[in-house]
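This report refers to the structure that appears directly beneath it.
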Amino acid sequence: MTDTRQGGTLARTHEGQPGLPRGRSRLPRLAVRASQRERLLRAVIAAVSESGYQDVTVADIVRRARVSRAAFYAHFADKEECFLAATGEGRQLMFAQIVAATRALPAGTRDQEVLRAACRAYLEFLAAEPAFARVFFIFMPAASPRAVDRLDAGARLFADLNRTWHQRARERHPEWPAVPDEAYFALAGATLELVRSTVRAGRTEALPDLTETLVSLHLAVLAARPWPAGAS
Numbered sequence: 018m019t020d021t022r023q024g025g026t027l028a029r030t031h032e033g034q035p036g037l038p039r040g041r042s043r044l045p046r047l048a049v050r051a052s053q054r055e056r057l058l059r060a061v062i063a064a065v066s067e068s069g070y071q072d073v074t075v076a077d078i079v080r081r082a083r084v085s086r087a088a089f090y091a092h093f094a095d096k097e098e099c100f101l102a103a104t105g106e107g108r109q110l111m112f113a114q115i116v117a118a119t120r121a122l123p124a125g126t127r128d129q130e131v132l133r134a135a136c137r138a139y140l141e142f143l144a145a146e147p148a149f150a151r152v153f154f155i156f157m158p159a160a161s162p163r164a165v166d167r168l169d170a171g172a173r174l175f176a177d178l179n180r181t182w183h184q185r186a187r188e189r190h191p192e193w194p195a196v197p198d199e200a201y202f203a204l205a206g207a208t209l210e211l212v213r214s215t216v217r218a219g220r221t222e223a224l225p226d227l228t229e230t231l232v233s234l235h236l237a238v239l240a241a242r243p244w245p246a247g248a249s
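Here it is, written out as structure tokens:
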């Protein structure tokens with residue numbers, strides 16, 4: 018079994034630990050509900066990362082979360098809803114890290130360095146959350162039609178980020194080519210497939226090593242820049 022302590026914070030469960038306090042020492046109701054939801058979201062990521070979406074049951078999730086089945090159904094209608102909430106939250110955190118990394122750069126930073134910071138933040142997030150990466154890139158595509166729709170929405174968001182960066186960069190680099198919207202989607206798809214193949218190979222910790230490959234790929238398409246000499 019995978020050691021979920023090494024799976025990242027999004028898969029850190031309370032399995033084998035005490036449940037929430039009861040009786041006179043119990044937490045306020047809103048705090049209990051918030052804690053229950055967090056426990057369930059982490060538990061479903063950990064469970065699916067180990068066993069795959071189809072084999073995980075509500076019983077598996079509540080056991081890892083150390084909450085009751087009644088508490089589960091107070092938050093989610095079924096396993097799919099819990100799974101979509103967990104992967105959706107992880108995706109939001111991933112994009113927030115990308116945005117934060119680019120906004121932290123000093124004014125006047127070169128456009129290619131903004132791109133590099135975004136790619137690095139994306140890959141470092143996934144490397145630090147290997148269970149989430151495994152769930153998102155391996156098990157989510159086969160989970161359900163709604164999950165596939167969420168993946169498609171993520172690809173569109175990547176494409177939108179590419180488009181926004183490129184359009185701003187072209188104001189400073191008029192020699193860079195205009196490209197059709199399909200090019201942004203193609204880059205998003207290529208990025209996702211490269212990450213997926215690396216995660217599937219069990220090399221999630223090596224994802225940050227792909228930073229320069231992704232930067233070069235984007236610049237080749239969006240800046241008509243030759244591939245760096247000596248790259249292999």
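Sequential numbering of the sequence shown, starting at 18, is according to our numbering.
All C-beta atoms, glycine included, are put in the ideal place defined by N, C-alpha and C.
If you ignore the 5 residues before and after H190, its C-beta comes within less than 8 Å of the C-beta of D128 and A240, all in its own chain and listed in chain order. With distances taken between CA atoms, A207 lies nearest to L234 out of Y70, R54, L234 and T126. DSSP places V73 outside both helix and strand once states are collapsed to three, so it counts as coil. Its chain contains L143, V216 and T221 as the residues whose beta carbon lies nearer than 6 Å to that of A150, once the 5 sequence neighbours on both sides are disregarded; these appear in chain order. F93 carries a coil assignment under DSSP once its states are collapsed to helix, strand and coil. Per DSSP, G171 is one residue of the alpha helix (DSSP H) stretching across P162 to R189. Between the beta-carbon of T30 and that of A63 there is about 5 Å, and that keeps the pair under the 8 Å contact cut. Burial is judged here by how many other beta carbons sit within 10 angstroms of a residue's own beta carbon; T228 has at least 16 and is buried. One alpha carbon belongs to E55, the other to L236, and they sit about 39 Å apart.
When secondary structure is reduced to three states using DSSP, A240 falls in the coil class, being assigned neither helix nor strand. A direct Cα-Cα distance of roughly 20 Å separates T74 from E106. One thing to note: P225 has its Cβ no nearer than 7 Å to the Cβ of E146. Comparing alpha carbon positions, the residue from V196, A218 and A60 closest to D77 is A60. Taken through DSSP and simplified to helix, strand or coil, S233 comes out as helix.
Under the Cβ criterion (8 Å, minimum of three pairs), the stretch 109–120 does not count as touching the stretch 183–203. A135 has its alpha-carbon roughly 21 Å from the corresponding atom of P194.
Rounded to the nearest angstrom, the Cβ distance from Y201 to A176 is 4 Å, consistent with a contact under 8 Å.
Apart from the 5 residues on each side of it in sequence, R185 sits with its Cβ closer than 8 Å to the Cβ of D128 in its chain, given in chain order. Taking a C-beta distance under 7 Å as the contact criterion, A205 and A159 do not qualify as a contact pair. Under the 10 Å beta carbon count, G219 is surrounded by fewer than 16 other beta carbons and is classified as exposed. The beta carbon of V196 lies closer than 8 Å to those of H183, V238 and L239 in the same chain, with the five residues before and after it left out.
Taking each of D72, L58, S68 and E210 in turn and checking the Cα distance to V84, the smallest one comes out for L58.
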